[in-house]
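See structure below.
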Amino acid sequence: MLHTPRGGAGNGTATADGEPVSIGQVLNLLREEFPEVTISKIRFLESEGLVEPQRTPSGYRKFSAVDVERLAQVLRMQRDHYLPLKVIREHLDALERGEQVPAAHMGQQRTSDEDLPVGLAMPADQPTAGRISRATLLAAAQVDADELAEWESYGLITPSAEGDYEADAVQIAKLVVELGSSGIEPRHLRAMKASAEREAGLVDQVVAPLRRHRNPQTRTHAEARTKELAALTIKLHAALVQSALRVRL
Numbered sequence: 104m105l106h107t108p109r110g111g112a113g114n115g116t117a118t119a120d121g122e123p124v125s126i127g128q129v130l131n132l133l134r135e136e137f138p139e140v141t142i143s144k145i146r147f148l149e150s151e152g153l154v155e156p157q158r159t160p161s162g163y164r165k166f167s168a169v170d171v172e173r174l175a176q177v178l179r180m181q182r183d184h185y186l187p188l189k190v191i192r193e194h195l196d197a198l199e200r201g202e203q204v205p206a207a208h209m210g211q212q213r214t215s216d217e218d219l220p221v222g223l224a225m226p227a228d229q230p231t232a233g234r235i236s237r238a239t240l241l242a243a244a245q246v247d248a249d250e251l252a253e254w255e256s257y258g259l260i261t262p263s264a265e266g267d268y269e270a271d272a273v274q275i276a277k278l279v280v281e282l283g284s285s286g287i288e289p290r291h292l293r294a295m296k297a298s299a300e301r302e303a304g305l306v307d308q309v310v311a312p313l314r315r316h317r318n319p320q321t322r323t324h325a326e327a328r329t330k331e332l333a334a335l336t337i338k339l340h341a342a343l344v345q346s347a348l349r350v351r352l
């Protein structure tokens, strides 16, 4: 069974007096552990059936301590695992029925990375090099062939001439699924793919002379420099997106 860490809203003291709380109070409770959560996110999770707060006669939401804990569990699973909301819902419903869910069903574990923004860290067991077969990709991402074909048509995932894939295609596939659960369709992600290719091109321009150097130490330095610039590029991209979203609030 998956071990769910406790903290913040999930420490059992969020609504110690037992009184239901408003959505604004839920937001404050959750932000202790999940600084990026928003009221819109809570409403979306409600619309997806992850939580069912009571309603006052005037229509205001009232969340119990159980509701707050359930929201915290959902956010932890999204943060720490690559899972669509449907799987999270099934997992939580199974736990409420007293069933044990094997940890293997929870997908790959994410891990923090000081060089990357929160939520952008690579999974601890996610390979960063090598090739995988189409069957392995479909099984690891828990998607069908039609979905993968659609992503390929938009250039989000690209097979080699031999028909296999880079190992990081698994991470890309899982993120596409996660965004899809929030209503962002694969066709909407083409601009992100184009932006990523432009950013990679900028990094490549800087390190290409180092890679071509005769000195092996210089070539080794090129790889380290690539990772450093990639981390900075990701941080800048995330900051720009967050800044743009704040402008629209």
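FYI, in this note's numbering the residues of the sequence shown are 104 to 352. Just so you know, even glycine gets a beta-carbon here, dropped at the ideal spot from N, CA and C.
If you draw a 10 Å sphere on the C-beta of TYR268, you find 16 or more other C-beta atoms in it, and that means buried.
Looking at ALA311, ILE235, LEU335, the one whose alpha-carbon comes closest to that of ASP271 is ILE235. According to DSSP, VAL169 shares a beta bridge with no other residue.
A distance below 8 Å separates the beta carbons of ALA244 and ALA276. In the structure shown, GLU250 adopts helical secondary structure according to DSSP, grouped into three states. Rounded to the nearest angstrom, the gap between the Cα atoms of GLU193 and HIS316 is 54 Å. Approximately 5 Å separates the beta-carbon atoms of ALA325 and VAL310; this is inside 8 Å, confirming the contact. ARG173 and VAL154 do touch by the CB rule: their CB atoms are close to 5 Å apart, below 8 Å. Pairing LEU282 with TYR257 gives a Cβ-Cβ distance that is not under 8 Å.
In the structure shown, the three-state DSSP call for GLN157 is strand. Rounded to whole angstroms, the Cβ separation of LEU240 and VAL273 is 6 Å, and the two are in contact under 8 Å. For THR239, the uninterrupted alpha helix (DSSP H) run begins and ends at 237-244, by DSSP. Burial check for ALA168: the Cβ neighbour count within 10 Å reaches 16 or more, so the residue is buried. When the Cα atoms are used, TYR163 and PRO123 turn out to be separated by approximately 11 Å.
VAL177 is a Cβ neighbour of ILE191, given a cutoff of 8 Å.
Counted as a single uninterrupted DSSP element, the alpha helix (DSSP H) harbouring GLU199 occupies residues 188-199. The closest CA to that of ILE337, considering only ARG301, GLN320, ALA238, is found on ARG301.
Here DSSP, grouped into helix, strand and coil, assigns ARG234 to strand. Between the C-alpha atoms of PRO262 and ARG322 there is a straight-line separation of about 27 Å. From the listed residues LEU305, VAL140, SER143, LEU259, the smallest Cα separation to THR329 is found for LEU305.
In its chain, beyond the 5 residues on either side, no residue has a beta carbon closer than 6 Å to the beta carbon of ASP307.
VAL124 sits in a strand when the DSSP states are folded into three classes.
As DSSP reads the structure, TYR268 sits in a beta bridge with ILE235.
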